[in-house]
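Asker: Once you've had a glance at the structure underneath, I'll fire off some questions.
Residue numbers (this note's numbering): 83 to 1052.
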């Protein structure tokens, strides 16, 4: 980062966050005096949402989580229509509904509400959530994906669908929001404090996706949406497109005297992206003039993605009387993502090329010429297919005037299959071909311009081969002209919940609730991989068996257009269809290395939760007070089934492994909301919460090393025979003691200002690099009888396992400020204009027992985040622009062999905008058009290493995205 850029970034950060905090503080002090006063809305609900109350009925069906139906039952549009005033819709209605949810909850919550049926205010759910206070998103393939809440990454939050915990098509627990079509949701709530009835809550927060309820709609609705998309970067691969589409339809109706309602929705999308990517292997050297940092290697490539998703949703709601209310929800999503990647890997400073012509500046080799370079050219194809099904059935029975019984059953299931194909070409096997001379020059953005001498489109010298001779099956060399990974994942969650709640009369303690929940989650991960080599003689792709070391690229595979990598200096590279090569030119040999075999595992979690709470609602000292006191008792039984594997003298030994762990947690919580002044609230939350570790950390599988030279040597602790790397079934959940405070002031003319603070004391924090003792007796058959006797006699069956453990602890402290202000609150001349802005500051100190003096960096934590939206909406016309910023953070990215790793990502600021018009009368009434643009700043995603922003590792440019769409609502 240049000095000018750094100064600009600091100023932007300080200005955005300081301004928001300053405005919030002033408005909290001055209250509503500076704004036009209007009569309070008589329809505003005052009941506590966790007590399951709504505007329309004093005792509706209870929901599995704190019920926000109270805020959804009557939208701003409905309220305006009933009173005969001008209808407020779109952006203003969305913000007003979100404010109503926030105001009426005793919990600290922020929400996104749909602008209309089938229309959240952004392109995706993650886009919308990233605008909320304290919520940020990491971009993957140009799309917002990994959410962090209050500085804690996706591993510390949970996602619910209509109050029910959900499975994921991802590798672990973190939900990938691409699996949910945004058109299907009425509200998305982010709870930042805890409640005893909020099952499966997270430490950082809980995201609850809420589908609409047909009986709450005023009448029949039929809406259709269609939208086209174009990426600002032209096709980077000839077999891809930069154009996409999105279409959806929603039908809502009521029957049988408005006692039976249905809602049906379907959607389809095809989303393209074009990514220019650069990856550096690192920088050997010490950063001095004599030993400068030098580019260790680079992998520039272009990537074209196409995401196809089809989804359907259905809701049946039946309320034949005040005594019984039943709701059934179903959501299905099917998506397929195809990636085409082409590029060249240049082994440089970490390999053995000859260096010359070195120019050094500020400790970096800014220009270097490498000779004797043997590059690896890649034509890859990745395909990912996934399905997601979620079913839920909620029934509420009124047993008496003040007594309700509720039962809720749900099933969530996700499956995913990947096909990850790599193919390699080069000038010869194991550095035996024509060598290249490459000159690299450092660019201003930290990347390097790479100028080769060879023509990388010349089929006379480029062949299917293993250019570096990297292939090895664990015992001997193989000709690795490619590699195929085919992982499969299945995630299944069944849950049954029951609760009994009642009301007290004439007391501050307004109601009580007791309940229980049982859930069983089972995640299966199965991995299959193959070495790919040229067809011909030999077995197992091994060199020793006579496998051909190279083969010509089939003419039929060539696409006729060789793509350039000119954005980094490579004029062009050989471009072919990797699927054709895989099907017609390569053989596959099963990968049975121990590290590959032990990846298969199952994790099963049986969780029994009981809870009880008392809800408060009344006056104390003339002030309106609401709140809840409660406790959860959670009994967990977690089990993992897998295998441990090792290799001795070329023989692979596999043994089954099965381990179960049981434990109990007690989680108290308390929330209070006091209306100190008219429409001014102080909200306080105190709680103990937990979130379970990553599923891959709970696996029992182990990759074992056996050191035969240590057999019989003592002491056994210093001379282990067995060692291993694996998971830890005995892991406990992360624990957090939380204090949350929120000051909120709502204005009669609309809008609000809020200032919140939070403190989290974290314990049982998982150290991924810890180790523990393990009994390896199951692997004794890998040794001879004599060796087994020696090991047993010396007590060497116990070895060391490198695995995660709960050894960390620390604190997270932060403050966030929000202002939602329609400018009509200042003067009627500005009616239609408004802003929504927020700023957040978070700091953390987390330390592990293995290194108690050094604090770690929390993944996903940006110390400074901010978002600001300015909008205009009136007479059917709407326009808005949003700018969001986050400072440096530790990002999770794909490392070697696509395994997750962490790198520091540079700060980024992104600008989005949209403009549209809805016809208000005539035969086009209900018809609207909308144009949107994302990432107008064309901000790249950049990571670096060693706390040195000059040592750039990843540089990914996604370009701008443009959308134009139409909606027609009958």
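From the three backbone atoms N, C-alpha and C, an ideal C-beta is built for every residue, glycine too.
Quick check: the segment 1007–1014 against the segment 1037–1051, are there 3 or more CB pairs under 8 Å?
Answerer: Short answer: they touch.
Asker: On the DSSP bridge list, what partners appear for residue 615?
Answerer: Paired residue(s): 669.
Asker: Answer yes or no: do residue 361 and residue 1035 have a C-beta to C-beta separation smaller than 8 Å?
Answerer: Contact: yes.
Asker: Hey, residue 907 and residue 832: beta-carbon distance below 8 Å or not?
Answerer: Cβ atoms of residue 907 and residue 832: closer than 8 Å.
Asker: Quick check on the burial criterion: 16 or more other C-beta atoms within 10 angstroms. Buried or exposed for residue 468?
Answerer: With 16 or more other Cβ atoms within 10 Å, it is buried.
Asker: Compute the distance between the beta-carbons of residue 609 and residue 678, then report whether it is under 8 Å.
Answerer: Yes, these two residues count as a Cβ contact at 8 Å.
Asker: If you pair each beta-carbon of the segment 286–297 with each one of the segment 709–726, do three or more pairs fall below 8 Å?
Answerer: These segments do not touch.
Asker: Pick helix, strand or coil for residue 410, following the three-state DSSP scheme.
Answerer: Note: residue 410 maps to strand in three-state DSSP.
Asker: From the DSSP output, in three-state form, read off residue 1036 for me.
Answerer: If DSSP states are grouped into helix, strand and coil, residue 1036 belongs with the strands.
Asker: Near residue 560, which residues of its chain fall below 6 Å by C-beta distance, leaving aside the five closest residues on each side in sequence?
Answerer: The answer, listed in chain order, is 553, 613, 623, 624.
Asker: Quick check: what's the CA-CA separation for residue 910 versus residue 763?
Answerer: Between residue 910 and residue 763, the C-alpha separation is close to 26 Å.
Asker: Alpha carbon to alpha carbon, how far is residue 589 from residue 700?
Answerer: Approximately 7 Å between the Cα atoms of the pair.
Asker: Under the three-state reduction of DSSP, which class applies to residue 902: helix, strand or coil?
Answerer: Residue 902 falls in the strand class under three-state DSSP.
Asker: In angstroms, rounded to a whole number, what distance separates the CA positions of residue 680 and residue 425?
Answerer: Going by the C-alpha atoms only, they are around 31 Å apart.
Asker: Should residue 1007 go down as buried or exposed, given a rule of 16 or more other Cβ atoms within 10 Å for buried?
Answerer: Exposed is the call here.
Asker: Could you check the C-alpha separation between residue 337 and residue 306 for me, to the nearest Å?
Answerer: Between residue 337 and residue 306, the C-alpha separation is close to 22 Å.
Asker: On the CB-based measure, 16 or more other CB atoms within 10 Å of its CB, does residue 302 come out buried or exposed?
Answerer: Exposed, because fewer than 16 other Cβ atoms sit within 10 Å of the Cβ of residue 302.
Asker: What distance in whole Å lies between the Cβ atoms of residue 878 and residue 803, which are believed to be in contact at a cut-off of 8 Å?
Answerer: Correct: roughly 5 Å between the Cβ atoms.
Asker: Straight-line CA distance for residue 450 to residue 441?
Answerer: Going from the Cα of residue 450 to the Cα of residue 441 covers about 7 Å.
Asker: Give me, in chain order, the residues of the same chain whose beta-carbon lies closer than 7 Å to that of residue 399; leave out the 5 immediate sequence neighbours on both sides.
Answerer: These residues qualify, in order along the chain: 295, 296, 297, 343, 409.
Asker: Here's the rule I'm using: 16 or more other beta-carbon atoms within 10 Å means buried, otherwise exposed. How should residue 744 be labelled?
Answerer: Classification of residue 744: exposed, given that the 10 Å Cβ count is below 16.
Asker: Between residue 218 and residue 947, which are expected to be in contact by the criterion C-beta below 8 Å, what is the C-beta distance as a whole number of angstroms?
Answerer: That pair is a contact at about 5 Å.
Asker: Just the Cα atoms here: how many angstroms apart are residue 253 and residue 713?
Answerer: One C-alpha to the other measures close to 32 Å.
Asker: Would you give the residue range spanned by the beta strand (DSSP E) that residue 956 belongs to?
Answerer: 946–956 is the extent of the beta strand (DSSP E) around residue 956.
Asker: What is the DSSP secondary structure of residue 735, reduced to helix, strand or coil?
Answerer: Three-state DSSP puts residue 735 in a strand.
Asker: Across the segment 729–743 and the segment 637–654, are there enough close Cβ pairs to call them in contact, namely three or more that are closer than 8 Å?
Answerer: No: the two stretches stay apart, fewer than three of their Cβ pairs being nearer than 8 Å.
Asker: Hey, is the segment 381–393 in contact with the segment 414–428, meaning 3+ C-beta pairs nearer than 8 Å?
Answerer: These segments touch.
Asker: Within a Cβ cutoff of 7 Å, which residues of the same chain sit near residue 881, ignoring the five residues on either side of it in sequence?
Answerer: Once the five neighbours on either side are set aside, the close Cβ partners of residue 881 are 802, 803, 804, 805, 806, 856, 858.
Asker: If you scan the segment 811–871 from start to end, which runs of the alpha helix (DSSP H) of 4 or more residues do you find wholly inside it?
Answerer: Whole alpha helix (DSSP H) segments, 4+ residues: zero.
Asker: Tell me whether the segment 236–253 and the segment 306–325 touch, counting them as touching only if at least three CB pairs, one residue from each stretch, are closer than 8 Å.
Answerer: Verdict: no, contact absent.
Asker: What are the start and end residues of the beta strand (DSSP E) that includes residue 938?
Answerer: It spans 933–938 - the beta strand (DSSP E) in which residue 938 sits, taken as one unbroken run.
Asker: Work out the CA separation of residue 710 and residue 187 for me, nearest whole Å.
Answerer: Residue 187 and residue 710: Cα-Cα distance of roughly 11 Å.
Asker: Name, in chain order, the residues that DSSP records as bridge partners for residue 705.
Answerer: Residue 705 is bridged to 702.
Asker: Using a Cβ-Cβ cutoff of less than 8 Å, which residues in the same chain neighbour residue 212 once the five nearest sequence positions on both sides are dropped?
Answerer: Same-chain partners within the cutoff: 218, 219, 226, 229, 949, 966.
Asker: Do the CB positions of residue 846 and residue 815 come within less than 8 Å of each other?
Answerer: Going by C-beta atoms, residue 846 is nearer than 8 Å to residue 815.
Asker: According to the Cβ coordinates, are residue 915 and residue 902 closer than 8 Å?
Answerer: No. Outside cutoff.
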